[in-house]
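K.L.:
One structure is given below, represented as structure tokens, and several questions about it will come after.
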Amino acid sequence: MTSSDFLQRLPKIELHLHIEGTLSPSLRWRLAQKNNIKLAYDSEEALAASYKTMYNHRKKKDGDILDPNGTPIPVFLDMYYGGMECLITESDFYDLAMEYFTKAASMNVRYCEPFFDIQGHTRRGVPVATVMSGLQRAREDAATKLNVKSNWTMCFLRDMSPESAMENYEAALPYRAVFHAIGLDSDEYDRPPSLFEDVFLRARKDGFKITSHCDVGQKDTHEHIHHVVTSMGGTGADRLDHGLNAAERPELIEAIKSRDLGMTLCPHAYHRRLSTEWVFSNVRKLFDAGIKITVNSDDPAYMHDMWVSENLALAQEHCPFTEKEMLQLQRNAVSICWADDAFKETFR
Ligand code: HPA
Ligand code: ZN
1 MTSSDFLQRL
11 PKIELHLHIE
21 GTLSPSLRWR
31 LAQKNNIKLA
41 YDSEEALAAS
51 YKTMYNHRKK
61 KDGDILDPNG
71 TPIPVFLDMY
81 YGGMECLITE
91 SDFYDLAMEY
101 FTKAASMNVR
111 YCEPFFDIQG
121 HTRRGVPVAT
131 VMSGLQRARE
141 DAATKLNVKS
151 NWTMCFLRDM
161 SPESAMENYE
171 AALPYRAVFH
181 AIGLDSDEYD
191 RPPSLFEDVF
201 LRARKDGFKI
211 TSHCDVGQKD
221 THEHIHHVVT
231 SMGGTGADRL
241 DHGLNAAERP
251 ELIEAIKSRD
261 LGMTLCPHAY
271 HRRLSTEWVF
281 SNVRKLFDAG
291 IKITVNSDDP
301 AYMHDMWVSE
311 NLALAQEHCP
321 FTEKEMLQLQ
331 RNAVSICWAD
341 DAFKETFR
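At position 81 of the sequence shown the residue is numbered 81 (UniProt numbering), and the sequence of numbers has no breaks.
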């Protein structure tokens, strides 16, 4: 069996994917036409080209928005939030999610826990009910028609206020059957996760799982990881999204291990801006330390169409991982995912 046969056949779980980061240029174009939204591009081809070129030329241009580490996150986020403008009606959210679930089925992804950014929609005047209804309908159809099961994680934007997070949390509570977990994403610069402690404490008390991004190479990332691992929601989050810089600090490795905390890594999201050696030696280090790392895609539409299969192939090549170790990555995903036990059993 070739390595690509092996990867294709592997039943997969994806635990770090922003549904809005799967918006393809073709769907965006179609929804923009339907909703009479004027895009900054004259044709679908020009829109598609904008997805491909944003990182290629970024470092060479003057006047780009860079964070102190020179990373392109705010630039990426502008693009990502810009894409959301075409999502207006219930069926737009349904179509967005179904396009992803269909792609997931083609990759043999059997279960996933995608994020959605509720504030990215409510701040544009889209009602919570519209978002929830479209996502829930897609979730149900994906399970019955595509055999892709899922649970949604609702993220807060950390560059918005903690008050806004709480307001959106309360507005979403009537739809609590739609999501099972709360996360934290967006621009981390000078936005420690501790700012959002009230809403995470509340969500945990209300029975939700909690998780947070600590993206790679961000300012104060070691402190942010420490907070998420040891204190978020009172006793530490239930999972850590990214957090690869933990590999640089033995005490963080130890803290993650002592809580048997799972990590959702997205190799291409780091590899597109950092050296192969740094990224994959640190992925390997966490794996060898016995931490339950998983491999995921983050925002594949905006990250060169690198979906979970391509991210797994990248990790397999550069870590490098044997087929046995690749199976261990999937076992990690089964172990750290929040599907019910009966469903988890079907993976064993
Ligand atoms: N980083 C931070 N926030 C995000 C991302 C990301 O890659 N994608 C969507 N929200
Ligand atoms: Zn992410």
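Quick reminder that beta carbons are idealized off the backbone N, C-alpha and C, glycines included.
Classify Tyr111 as helix, strand or coil using the three-state DSSP reduction.
P.N.:
The answer is strand: DSSP assigns Tyr111 an E or B state.
K.L.:
Could you check if Thr271 belongs to the surroundings of ligand 2, using beta carbon to heavy atom distance under 7 Å?
P.N.:
Thr is not the amino acid found at residue 271; the sequence shown has His there. Incorrect: His271 has no Cβ contact closer than 7 Å to ligand 2.
K.L.:
Going by Cα to Cα distance, which pick from Pro250, Pro320, Ala129 is closest to Glu170?
P.N.:
When each option's Cα is compared against that of Glu170, the closest is Ala129.
K.L.:
How would you label Thr153, buried or exposed, when you count the other beta carbons within 10 angstroms and need 16 or more for buried?
P.N.:
Thr153 comes out buried.
K.L.:
Given 8 Å as the limit, is there contact between the segment 86-102 and the segment 2-14, that is, 3 or more CB pairs closer than that?
P.N.:
Cβ pair count under 8 Å is below three, so no.
K.L.:
How long is the line joining the alpha carbons of Pro267 and Leu261, rounded to whole angstroms?
P.N.:
Going by the C-alpha atoms only, they are around 19 Å apart.
K.L.:
Among the candidates Glu45, Asp238, His226, whose CA atom is the shortest distance from the CA of Arg249?
P.N.:
Nearest of Glu45, Asp238, His226 to Arg249, Cα basis: His226.
K.L.:
Alpha carbons only, please: which of Ala40, Trp307, Phe76, Thr22 is nearest the one belonging to Val295?
P.N.:
When only C-alpha atoms are compared, the closest one is Trp307.
K.L.:
Does DSSP put Ser186 in a helix, a strand or coil?
P.N.:
Coil at Ser186, not helix or strand.
K.L.:
Got a sec: does ligand 1 put a non-hydrogen atom nearer than 7 Å to the Cβ of Tyr51?
P.N.:
Answer for Tyr51: no, Cβ out of range of ligand 1.
K.L.:
Would you say the beta carbon of Asp340 is closer than 7 Å to some non-hydrogen atom of ligand 2?
P.N.:
No, the Cβ of Asp340 stays beyond 7 Å of every heavy atom of ligand 2.
K.L.:
Looking at Leu135 and Phe93, is the spacing between their C-beta atoms short of 8 Å?
P.N.:
In contact: Phe93 and Leu135 (Cβ atoms closer than 8 Å).
K.L.:
For Asn35, which residues in the same chain have their Cβ closer than 8 Å to its Cβ, ignoring the five residues on either side in sequence?
P.N.:
Cβ within range, chain order: Cys86, Ile88, Thr89, Asp92.
K.L.:
Using the three-state DSSP reduction, which class does Cys155 fall into: helix, strand or coil?
P.N.:
In the structure shown, Cys155 sits in a strand (DSSP, three-state: E or B).
K.L.:
Compute the minimum distance between the beta carbon of His304 and the heavy atoms of ligand 2, and state whether it is under 7 Å.
P.N.:
For ligand 2, not one heavy atom lies less than 7 Å from the Cβ of His304.
K.L.:
Where do the N-terminal and C-terminal ends of the alpha helix (DSSP H) with Gly120 fall, by residue?
P.N.:
Element bounds for Gly120: 118-122.
K.L.:
Got a sec? Which residues, its chain only, sit under 6 Å from Lys59 by beta carbon, not counting five neighbours each side?
P.N.:
The predicted position of Lys59 is uncertain, since its pLDDT is 39 and thus under 50; a value taken from the coordinates is nonetheless stated next. Here the set comprises nothing.
K.L.:
Give me the Cβ distance between Ala301 and Tyr51, rounded to the nearest whole Å; I'm assuming they're in contact under 8 Å.
P.N.:
Contact holds; Cβ gap of about 7 Å.
K.L.:
I want to know whether the segment 319-336 touches the segment 40-51 - three or more CB-CB distances under 8 Å.
P.N.:
Result no; under three Cβ-Cβ pairs closer than 8 Å.
K.L.:
Grab me the residues of Glu163's own chain with a C-beta within less than 8 Å of its C-beta, minus the 5 sequence neighbours each way, in chain order.
P.N.:
The answer is none, since no qualifying residue turns up.
K.L.:
Going by C-alpha to C-alpha distance, which of Leu274, Thr235, Arg273 sits closest to Ile256?
P.N.:
Out of Leu274, Thr235, Arg273, Thr235 has the C-alpha closest to the C-alpha of Ile256.
K.L.:
Does the pairing of the segment 179-189 with the segment 112-119 give three or more beta-carbon distances under 8 Å?
P.N.:
Yes, they touch.
K.L.:
Flag Ser186 as yes when its Cβ comes closer than 7 Å to any non-hydrogen atom of ligand 1, and as no otherwise.
P.N.:
Answer for Ser186: yes, Cβ within range of ligand 1.
K.L.:
Can you check DSSP and say which residues form a bridge with Gly262?
P.N.:
DSSP output for Gly262 lists Arg239 as bridge partner(s).
K.L.:
Judging by CA-CA distance, which residue of Leu312, Arg158, Lys219 is the nearest neighbour of Thr211?
P.N.:
The residue with the shortest Cα to Cα distance from Thr211 is Arg158.
K.L.:
When you measure from the CB of Asp241 to every non-hydrogen atom of ligand 2, does any distance come out below 7 Å?
P.N.:
Checking every heavy atom of ligand 2 against the Cβ of Asp241, one is found closer than 7 Å.
K.L.:
Compute the minimum distance between the beta carbon of Gly134 and the heavy atoms of ligand 1, and state whether it is under 7 Å.
P.N.:
No, the Cβ of Gly134 stays beyond 7 Å of every heavy atom of ligand 1.
K.L.:
Run through DSSP, which three-state label would Ala339 get?
P.N.:
Three-state DSSP puts Ala339 in coil, outside helix and strand.
K.L.:
Can you check whether the CB of Leu201 is closer than 8 Å to the CB of Gly233?
P.N.:
Yes. Within cutoff.
K.L.:
Out of Tyr81, Gly125, Glu20, Val148, state which residue places its alpha-carbon closest to the alpha-carbon of Pro11.
P.N.:
The candidate whose alpha carbon is nearest that of Pro11 is Val148.
K.L.:
Is it right to say Val334 is buried, meaning 16 or more other beta carbons lie within 10 angstroms of its own, or is it exposed?
P.N.:
Answer is buried; the Cβ neighbour count reaches 16.
K.L.:
In whole angstroms, what separates the C-alpha of Asp141 from that of Leu252?
P.N.:
Approximately 40 Å between the Cα atoms of the pair.
K.L.:
Which residue comes first and which comes last in the beta strand (DSSP E) that contains Ser133?
P.N.:
Not the beta strand (DSSP E): Ser133 falls in the alpha helix (DSSP H), residues 128-141.
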